[in-house]
Structure formats: structure tokens, C-alpha cells
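K.L.:
Got a structure for you, written out below as C-alpha cells; questions coming shortly.
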Amino acid sequence: MHRKLSLLLPILFICLTAIAQKAKVKGVVTDDKNKPLEFVTIGVKGTANGTQTDAAGSYTLEVPAGGGIAVVYNSVGYERKEISITLNEGQEYEANVKLDKSSTTLNEVIKKGDRRDEAGNVILDVSKTPLIPTTGFGSGVEALIKTMVGSNNELTSQYNVRGGNYDENLVYVNDFEIYRPFLTRSGQQEGMSFVNADLVSNVNFSVGGFQSRYGDKMSSVLDVTYKRPKEFGGRFMASLLGVSLSLQGASKNEKLTYLVGLRHKSNQYLLNSQPTKGVYNPSFTDVQGLINYRFNSKWEMEVIGNYARNRFNFYPETSTSSFGLINQAFQMRVVYKGSEIDQFDSRFGGWSTTFKPNDRLKLKLLASGFQTNEQETYDINGEYLFGELETDLGKESFGQVKTFLGTGIIHNYARNYLKVNVGNVAHRGSYDANKHFLQWGLDANVTSITDKLHEWERRDSAGYTQPYEQNALPMMKLLTSASTFDYMRYSGFIQDNFRFNDSLGLTISAGVRFNYSDLNNEFLVSPRVQLAYKPRWKNDMIFKLAGGLYQQPPFYREMRDLNGVVNKNLLAQKSFHIVAGTDYNFIAFNDRKFKFTSEVYYKNLWDIVPYEYDNVRIRYFGKNDAIGYIYGGELRLYGDIVKDATSWVSVGVMKAMEDVTDDKIVLKDQGGADSATFYPGYIPRPTDQRFMLGMYFEDYFPKWKNYKMHLNMIYTTGLPFGPPDNQRYGDTLRLPDYKRVDIGFSALLVKGEKHQNSKTLSAVKNVWLSAEVFNLLGIQNTLSYSWIQDQTSGSTFAVPNRLTSRLINVKLVVDF
């Protein structure tokens, strides 16, 4: 016993002595711009002893004395720093530390496209948006997407992804779901995209096989995160298509940050290049703001708001369309009377609060509201003259109408009104359990819709209304509808990301979504799984596999059929996806980084709602009476083809087919009796784009890198179309291939860091001046067709509706 006490007492004395020996470390922690950093965690390595910096970046830490220690400094978004010191008892040591921004923060990882284990992930370099040549002013992010997935209309910011339509794409901004206008019929009526590229920090775009944490649509996800600024700055942009201003800033302690964006687009200059001449008076304006306040290291709050005021007034005068072959060409001239006056006003507001009780757990509560008031009114009377052109080069009348085939009137009328209100309350949570990363969410959504639609089309050929009826005034097209309804929708998900040992290189993400609507009482369960495998090879390569159910509950557009009747019992459209791909990073041309990705995919579709495109408006049949399938493959290459100038190319092949279960063709004999019935079977879907090539190429003068060239090119094969008879089996004709090249030349006029002696110029970061040529090759792309009947032979002709011609634009971009 005495021996044990003799050993214990010296040990106890040493421990008590060590406890009594204390010293202090104090100082200020700043960033690379000497601004104080709050909430920096400071501790002694190997102990639980620690503290945090205050709003001034100051700290005081009590540390053991009498031996060497390591003091560690940690802060989210900054590189970890460690200093080694030895202090005597009672000594105070001043350590002023500067932390460098981390090169591997989550934001940077997303921005650089390093979320490589996610199937369908596509790189979008948002730094390119100010200078990329695009007709879509205010839609810079969507312009990048179009080079990846293809497009056949430069007037719209919408996009089709892997055989899906515009309504099958999810868009999120800071976890809030974003909606697009409903009544928009043509790209020229569209305002700007909700996503303001000048406010964007990170973009994650998935073209398929996305995770359970994303919502209930079948094609793609655009997940946008706005900036969290640390200092005042902004951007001013002006061109012949519009003007925009964005401002950002933060309080001294960076607890409060803000973003403000103001944009105005008037694409009158662009629309005047279309074949239909007249007085265009478009005006699209939106203002957007985001405020974030951080109460402490555990709790923050965010508010986002947007108001968009879109007006489109059009007074058409004339249009001339020539088409046909070398030996047989036709021309249609139309003189218009009347006007179109459209108003689209939308408002969005969102609030969220995030609580992080510790480094592992994150809880977020969100509430948002969306409202749109839309009015589409037009009354346009077009008197047309249709004839055959002289094609004999030897005749003086070459190119002139030699034979008149028809005259008549096309009268279009509409008074369409729509009001939609959407309210949403949601919870998002995550927990980091080392190898497991759990995520979950719950949503409650209320939707209220009021519409009143009345539109018709009448045709009169040589004084005889078509189709002819003795005791009535029939219409070629008539839609009349009035409805008011509201419903609740509940959804949620749970997902686990599991990473095996690093030596195995395998990551699995598995989750399930649920969705219930009290409108049709349908309960949906959608399991999804993604796997990523990174073999321990010398080459940096990842193999990816994803699959699951993607079910899309009906919204307003899907429920309304061709006659305007709302089908409230419509079920969700359903699809099973499987995606397999590779992601390969490599070095070429000695020191240039490249990324090559490849994917193949297959989608099985059922309970599909057939539809037809009317310009950019989608007209659904309002019934779940189709099945289908989509398969294809995509290749993408990113990298510095020219050193320090990132470019990319995307190639895709695809086949999208569907079978409308109740369609049939009935042939009648001379007596009017049914003689034969044919079932068309599988036909191309309206988005059956068989081949796509998109490319963005950047170059500069070798000795003058401030002078750059930006080339944007898209080629897609033609989409299916057919006569306006509301029969899907006839939509097997093909539009001409879409071919478009836009080019821009930009010069860096001012670089602020080179003018430190000038107060004015030093406050400016960059000033770029660009000259752009839209549709460089002057190709007349066809968007759709109007159908005209020849009085002489009774034949029906498809008259092409062309898109924009070659146009020059000038753009100024000022960053400050």
C-alpha cells in the first residue's frame, strides 16, 4: 500500500503542477484583405481547450505552459492554420494570424464541377456568362445550358433535356423552387429568366439520374446558389438588347450581406429582324434582392424577393415567306390589321432560417410564396395572298409570283386570363455521421388557380368560311374555359450518402421520395440510388451508375386539355431511369487540364400525357393515355484547347418514342362506311431530337490576352411536327435542322489593379467592350409552320415561320 502511494503522489504532483502552469495566447485573426474574421475556432491541438474570435476578430486563449503546444485556427471557407509555440508560466503571447481562402470549399467544388460522383452532373462555368454571345439578355445561365443539351429556338430561355419538355425541368435558387410563366405562347413574349447570372455563385446542373433530395420532375435539375459577398461590388451591363445593374455588399463584421439585381430587356432590335414586320414594343423588367443575416456561428436567416413586370405589345403590318424547291417555289404575303397586348406580372418571396447546433447537424426551415397574373389578348386579322413563283432564270419575271393559288383571311382572337398562387412551407436537414451523410426534407404546398380562356381562329378563303357550314359560323380552332380550384400537395425525402474506405473508392447515395396530392388522391413513392467507383489507377477516372423512379405530379398545364377542360383526376407521369457514365480528368499539351465525360441512359415511360408544341407553349391532351421510351448517349469535353481559355464541346444522340394507346386511323369507303382501321403504334415524341452538337470556343491574341474571341455554336436535327388536327399520329414530319453560330469579340479596356494611382480607375475591376454577331452564317431557321390551302387543287401547304436573321450587337460590361 505504501509503495503504491509512493508512486501515485509524484504523478499527482506533476499533474497538479501542469494544471497550475498556464499561459495566454491572444491576437486578431484576419483574412487575406486584412478584414477581421468572426467565429474562427481556435484550440490547442490534442485537447478540448478552445475559443472563438469576436466581431473584431480578437481572441484570448488560455493554454498550458512549460512545454511545446500547437494552436490550430479553423474557419469555414478558409485554409486551416497551425502554429507551434512554447510558453512559460504566466506568459502572454500575441499571435496575429491571417487565414487564406480555401481552394476546396464546397462552393468552389460545385463551381469547378468536382461533384464527380453524381450521375448526370454537367459543368457550367458561370464566369463565362457576361461575355458569351447570346440573344437571351438576362438568361446567361440558360445560354450555357443550351450549348450542353441543344436548342432550336434562340428567342426562349427554355430548354429540353434528354427527350423531356420545358415543364419537366426543376429550378432551385437557394433551395427555393422557381416557377416559369404559364400562358407564354412564343419566345418573343418571354421575359428574363428568374436566375440573375450576376448574382450567382455556384451552379449544379443535372441532366438525369439526380438524387432523391431533388423534387418530382422527370428531366433535369438546375440548382443555383447565390453569392455571399464579403465586400461591396457590382456589375453594370448595357447592350442593344437591354441593361442591368447588380450590387452586393456586407457589413463590417460580415454578419449582414446583401445582393440586389435590376434588369431591363427590350428586344425590339432583335424582333425587327424577323420576317413579320410591324411595331414591336416589348418591355421586360425585374428587380431581385437577397439579404442574409448571421446572428452567430450557429444561426442565420435569409430573405429573397423578386418582382417581374413583362409587357409585350405588337402591331403587325406585313410578312413575306418564300419556300419550296429550285424548280417549284411558293410565296405567301400577309397584310395584318389588329394588335396583340400581353401582360405577365409575377412576384416571389422567400424566407429561410438555418440552425447549426454543432458541426454535424444542420436544420433549415423555409417558407415561400409565388404569384403570377397573366393576360394574353390579341385580335389580329391577316389577309393573305398565296402564289407560285417563277423559277426560270431566263425570264424577266424570275422570283415573282406567276400564278395566284389562293387568297383569304386568317383571323385570330384571344382573351386569356390566368392567376396562380403557390404557397410552400418546407424543412431541410442533414447530419454528418462520418462515413454517412444523412439528408431529409418535408414540404407542404398549397396551389390556387383561376383561369378564363377564350380563343379562336377563323379562316375565310375567297369569301367562304372554312370549314363551311350552312347555318353556323364555325371555327378552325375554338377554346373556351373557365375554372377555379385549389389543392394541397405534400412531399418529402430521406437520403444517405455513404462512402466506403478510401482504398475501395466506392460511394453510394440511396434515398426515397414520397408525394401526395389531395386533388387526385395519388400517393407516390420514388426510390433512387447512385453509385460512384474510383479505381486506384494512375489515370484519374470515375465510373458512375444511377437509377430510380421519377414521377411528375400534374400541374396546371398538364391538366388542361386541347379544349380547355381541366382534368382534376389526371395522374402523375411516371418514368424509370438508368444512367451509366464515366468521368476522366487528364493533362494534355504538356500542362493543360481537360475533363472528358460520357454517359448512356434509358428511360421507360408510362401514364404519359401526350402533347403538342405551339411555339414555346405546350398544349396537352389532358389524359394519361401514352407509354414511351427514350434512350441515348452523350459525350462532353472541357478544357483549355487554347491555354488559359476554357472551351467545351458536347455531342448527343437520342431516340424518344411514344405510343398513344387510344389513337387509330379509320379509312372509309365510298359509301362512308368504315373499311379499315390502322393503329399507328410508336411515333416520335415532340422532343425527339436525334442528334445534337453544341460548342463554346474561346481564343485570344497570343501577345494581347485582353483581346478575346468567343464562338457559340449549336446544331440539332429537326423536331417532329404535323398538321393542326389534334391527332398525334400525324406528327411524323420533321422540321429542318437547326443551325446557328454566334460570335463575339471582346476587349479589356480597363483593369483596375493597374491604375492604383487613379481613384476612379482603381475602383473599377474590369471594363469589357464586346461586339457580337448573332446568326453569323445568316441561316433561316424554321420554328414552326402555318397551314394554307390552295383553292385550285385543294392541296394544303406548310408555310414556314422563320426565326431571327443576322444581327450585330454591342455590349459593355463594367465590374466594380
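The sequence shown runs 1296 to 2111 under my numbering.
Using N, Cα and C, we set each Cβ at its ideal position, and we do this for glycine too.
Thinking Leu-1536 and Tyr-1588 are a contact (beta carbons under 8 Å), I'd like their distance in whole angstroms, please.
P.N.:
Your numbering for residue 1536 matches position 241 in the sequence shown. Your numbering for residue 1588 matches position 293 in the sequence shown. With a Cβ gap of about 36 Å, Leu-1536 and Tyr-1588 do not count as contacting.
K.L.:
Asn-2076: which of Ser-2090, Ser-2100, Glu-2067, Lys-2060 sits nearest, CA to CA?
P.N.:
Counting from 1 along the sequence shown, the entry for residue 2076 is found at position 781. Looking at the Cα atoms, Ser-2100 is the closest of the given residues.
K.L.:
With a CB to CB cut of under 6 Å and the five nearest residues on each side skipped, what residues in its chain are close to Leu-1658?
P.N.:
As a position in the sequence shown, residue 1658 is number 363, starting the count at 1. Contacts found: Phe-1650, Gly-1724.
K.L.:
Find the nearest neighbour of Gly-1573 within the set Phe-2069, Val-1629, Ile-1922, judged by alpha-carbon distance.
P.N.:
On the sequence shown, position 278 is the one that residue 1573 refers to. Nearest C-alpha to Gly-1573: Val-1629.
K.L.:
For Leu-1494, name the three-state secondary structure that DSSP assigns.
P.N.:
Start at 1 with the first residue of the sequence shown, and residue 1494 comes out as number 199. Helix.
K.L.:
Can you list, in chain order, the residues of its chain with a C-beta nearer than 8 Å to that of Gly-1385? Leave out the 5 residues immediately preceding and following it.
P.N.:
Within the sequence shown, numbered from 1, the residue matching residue 1385 stands at position 90. Here the set comprises Lys-1317, Ala-1318, Ala-1360.
K.L.:
Whether or not the stretch 1601–1609 and the stretch 1633–1650 are in contact is what I'm after, with contact meaning three or more pairs of Cβ atoms, one per stretch, closer than 8 Å; do they touch?
P.N.:
Touching, yes.
K.L.:
What distance in whole Å lies between the Cβ atoms of Val-1323 and Ser-1370, which are believed to be in contact at a cut-off of 8 Å?
P.N.:
Here residue 1370 corresponds to residue number 75 of the sequence shown, with the count starting at 1. Here residue 1323 corresponds to residue number 28 of the sequence shown, with the count starting at 1. Ser-1370 to Val-1323, Cβ: 13 Å. No contact.
K.L.:
Note down, in chain order, each residue of its chain lying with its Cβ closer than 6 Å to the Cβ of Met-1596, except the 5 sequence neighbours on either side.
P.N.:
By one-based count along the sequence shown, residue 1596 stands at place 301. Answer for Met-1596: Tyr-1588, Thr-1648, listed in chain order.
K.L.:
Whose C-beta lies closer than 6 Å to the C-beta of Ala-1624 among residues of the same chain, with five residues either side of it excluded?
P.N.:
The residue labelled residue 1624 in the question sits at position 329 within the sequence shown. Once the five neighbours on either side are set aside, the close Cβ partners of Ala-1624 are Leu-1684, Thr-1686.
K.L.:
Have a look at the DSSP bridge pairing and note the partners of Asp-1835.
P.N.:
As a working note, residue 1835 is residue 540 in the sequence shown. Beta-bridge pairing links Asp-1835 to Asn-1880.
K.L.:
Looking at the structure shown, is Thr-1442 part of a helix, part of a strand, or coil, going by DSSP?
P.N.:
To locate residue 1442, count along the sequence shown from 1; it is residue 147. Helix.
K.L.:
How about Val-1955 and Pro-1905: are their beta carbons less than 8 Å apart?
P.N.:
Counting from one through the sequence shown, the residue named residue 1955 turns up at place 660. Counting from one through the sequence shown, the residue named residue 1905 turns up at place 610. A contact, by the Cβ cut-off of 8 Å.
K.L.:
Could you check what DSSP says for Asn-1402 in three-state terms: helix, strand or coil?
P.N.:
Counted from its first residue, the sequence shown places residue 1402 at position 107. Any reading at Asn-1402 must be qualified, since the residue scores a pLDDT of 36, below 50, and its modelled position is unreliable; no value is offered.
K.L.:
For the structure I just gave you, are there three or more beta carbon pairs, one from the stretch 1742–1758 and one from the stretch 1689–1697, closer than 8 Å?
P.N.:
With a cut-off of 8 Å, the stretch 1689–1697 and the stretch 1742–1758 do not count as touching, because too few Cβ pairs lie within range.
K.L.:
If you draw a straight line from the alpha carbon of Gly-1806 to that of Gly-1504, how long is it in whole angstroms?
P.N.:
The count along the sequence shown starts at 1 and reaches residue 1806 at position 511. The count along the sequence shown starts at 1 and reaches residue 1504 at position 209. Going by the C-alpha atoms only, they are around 12 Å apart.
K.L.:
Need the endpoints of the alpha helix (DSSP H) that Met-1532 sits in, please.
P.N.:
Locating residue 1532 in the sequence shown gives position 237, counting from the first residue. Segment 1528–1534 is the beta strand (DSSP E) holding Met-1532; no alpha helix (DSSP H) there.
K.L.:
Which one of Tyr-1673, Gly-1703, Gln-1695 has the shortest CA to CA distance from Leu-1680?
P.N.:
If you number the sequence shown from 1, residue 1680 lands on position 385. Measuring from the Cα of Leu-1680, the nearest candidate turns out to be Gly-1703.
K.L.:
Between Ile-2149 and the rest of its own chain, which residues show a CB-CB distance below 6 Å, the 5 nearest in sequence each way excluded?
P.N.:
In the structure displayed, the chain extends from 1296 to 2111; residue 2149 sits before or after that span and is not available.
K.L.:
Could you compute how far the alpha carbon of Tyr-1991 sits from the alpha carbon of Phe-1818?
P.N.:
As a first step, residue 1991 must be located in the sequence shown, where it is residue number 696. As a first step, residue 1818 must be located in the sequence shown, where it is residue number 523. Distance between the alpha carbons of Tyr-1991 and Phe-1818 is about 43 Å.
K.L.:
Any idea what DSSP makes of Ser-1379, helix, strand or coil?
P.N.:
Position 84 of the sequence shown, counted from the start, is the residue given in the question as residue 1379. In the structure shown, Ser-1379 sits in a strand (DSSP, three-state: E or B).
K.L.:
Can you tell me the Cα-Cα spacing of Thr-1972 and Tyr-2024, whole angstroms?
P.N.:
Counted from its first residue, the sequence shown places residue 1972 at position 677. Counted from its first residue, the sequence shown places residue 2024 at position 729. Between Thr-1972 and Tyr-2024, the C-alpha separation is close to 13 Å.
K.L.:
Measuring straight from C-alpha to C-alpha, what distance separates Val-1696 and Thr-1613?
P.N.:
On the sequence shown, position 401 is the one that residue 1696 refers to. On the sequence shown, position 318 is the one that residue 1613 refers to. If you take the alpha carbons of Val-1696 and Thr-1613, they lie about 17 Å apart.
K.L.:
Can you tell which of Met-1783, Gln-1790, Asn-1816, Leu-1826 has the C-alpha that lies nearest to the C-alpha of Leu-1799?
P.N.:
The residue you call residue 1799 lines up with position 504 of the sequence shown. Of Met-1783, Gln-1790, Asn-1816, Leu-1826, the residue nearest in Cα terms is Leu-1826.
K.L.:
Helix, strand or coil: which one does DSSP assign to Tyr-1454?
P.N.:
In the sequence shown, the residue the question calls residue 1454 occupies position 159. Here Tyr-1454 sits in coil by DSSP.
K.L.:
On a Cα-Cα basis, can you pick out the residue from Ser-1481, Tyr-1908, Asp-1886, Ala-1951 that is closest to Gly-1928?
P.N.:
Here residue 1928 refers to the residue found at position 633 of the sequence shown. Gly-1928 has its Cα closest to that of Ala-1951, out of Ser-1481, Tyr-1908, Asp-1886, Ala-1951.
K.L.:
Once the 5 residues before and after Asn-1815 are set aside, which same chain residues still bring their CB inside 7 Å of it?
P.N.:
Taking the first residue of the sequence shown as position 1, residue 1815 is located at position 520. If we look at Asn-1815 and ignore the five residues flanking it on each side, its Cβ neighbours are Lys-1863, Asn-1864, Leu-1865, Leu-1866.
K.L.:
Candidates Leu-1801, Val-1741, Val-1860: which alpha carbon is nearest Leu-1773's?
P.N.:
Your numbering for residue 1773 matches position 478 in the sequence shown. Cα-wise, what sits closest to Leu-1773 is Val-1860.
K.L.:
Are the Cβ atoms of Asp-1781 and Ile-1744 separated by less than 8 Å?
P.N.:
The residue given as residue 1781 occupies position 486 in the sequence shown. The residue given as residue 1744 occupies position 449 in the sequence shown. For Asp-1781 and Ile-1744, yes; Cβs fall inside 8 Å.
K.L.:
So, does the stretch 1530–1545 touch the stretch 1450–1462, judging by three or more C-beta pairs under 8 Å?
P.N.:
No, they do not touch.
K.L.:
Mark Asp-1957 as exposed unless 16 or more other C-beta atoms lie within 10 angstroms of its C-beta, in which case mark it buried.
P.N.:
Locating residue 1957 in the sequence shown gives position 662, counting from the first residue. Under this definition Asp-1957 is an exposed residue.
K.L.:
Is the separation between the beta-carbon of Tyr-1851 and that of Phe-1489 shorter than 8 Å?
P.N.:
Counting from 1 along the sequence shown, the entry for residue 1851 is found at position 556. Counting from 1 along the sequence shown, the entry for residue 1489 is found at position 194. No, Cβ-Cβ distance for Tyr-1851 and Phe-1489 is not below 8 Å.
K.L.:
Kindly indicate which residue of Glu-1387, Tyr-1933, Tyr-1897, Tyr-1896 has the alpha-carbon position closest to the one of Asn-1887.
P.N.:
Indexing the sequence shown from 1 puts residue 1887 at position 592. With the sequence shown as reference, residue 1887 is identified as Arg, and Asn is not the correct amino acid for it. For Arg-1887, the nearest C-alpha among the options comes from Tyr-1933.
K.L.:
Compute the Euclidean distance between the alpha carbons of Val-1582 and Leu-1542, then round it to the nearest angstrom.
P.N.:
Position 287 of the sequence shown, counted from the first residue, corresponds to residue 1582. Position 247 of the sequence shown, counted from the first residue, corresponds to residue 1542. If I take the Cα positions, the gap works out to 12 Å.
K.L.:
Mapping the DSSP letters down to three states, classify Lys-1560 as helix, strand or coil.
P.N.:
As a first step, residue 1560 must be located in the sequence shown, where it is residue number 265. Lys-1560 falls in the strand class under three-state DSSP.
K.L.:
DSSP three-state label for Lys-1423, please.
P.N.:
Position 128 of the sequence shown, counting from 1, holds the residue named residue 1423. In this structure, Lys-1423 counts as helix in the three-state DSSP scheme.
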